[in-house]
Amino acid sequence: MANRELGGNKNITGPYLLCLTDQSIILVKTGSNIDTDKLDNVEFSIHSIRCCGDYQTFFYLEVGTATVTGPGNLWMQVEDNAMAAHMHATVLK
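Okay, here's the thing in structure tokens:
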């Protein structure tokens with residue numbers, strides 16, 4: 001998770017896995033240096049996601065007011081442009 005917008009404001013930064021189900025998106029904190037000040041798992045209902053997209057090597061989610069973070073954008077940096085576009089297409093399905 002990139003340190004910008006909601007990621008920085010809500011201290012959701014660093015490596016996370018994105019898990020997608022038919023009802024939610026769950027961000028699971030990974031890495032050996034898990035910080036207790038940061039959220040380990042963050043779950044968003046599919047219904048609370050306003051939109052999503054990709055820009056260069058970033059995939060982003062815009063979430064609404066009925067989420068644990070409140071409204072705003074979460075930016076995830078991935079390996080390359082193709083991965084960001086693939087994540088965007090997968091979430092839209």
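Counted from 1, the sequence shown has number 64 at position 64 by UniProt numbering; the numbering is strictly sequential.
Positions of the beta carbon are idealized from the N, C-alpha and C atoms, including for glycine.
{"query": "Coarse secondary structure for Asn31, derived from DSSP in three states", "result": "In the sequence as presented, Asn is not what sits at residue 31; that position holds Gly. In this structure, Gly31 counts as coil in the three-state DSSP scheme."}
{"query": "Gly7 classed as buried or exposed, judged by whether at least 16 other C-beta atoms fall within 10 angstroms", "result": "buried"}
{"query": "Enclosing alpha helix (DSSP H) for Asn81 [first to last residue]", "result": "Asn81 to Leu92"}
{"query": "Same chain, Cβ closer than 8 angstroms to Ile25, neighbours up to 5 away in sequence not counted", "result": "Leu18, Cys19, Glu43, Phe44, Ile46, Ile49, Leu61 and Val91"}
{"query": "For Pro71, the nearest candidate out of Val63, Gln77 and Val78 (CA to CA)", "result": "Val63"}
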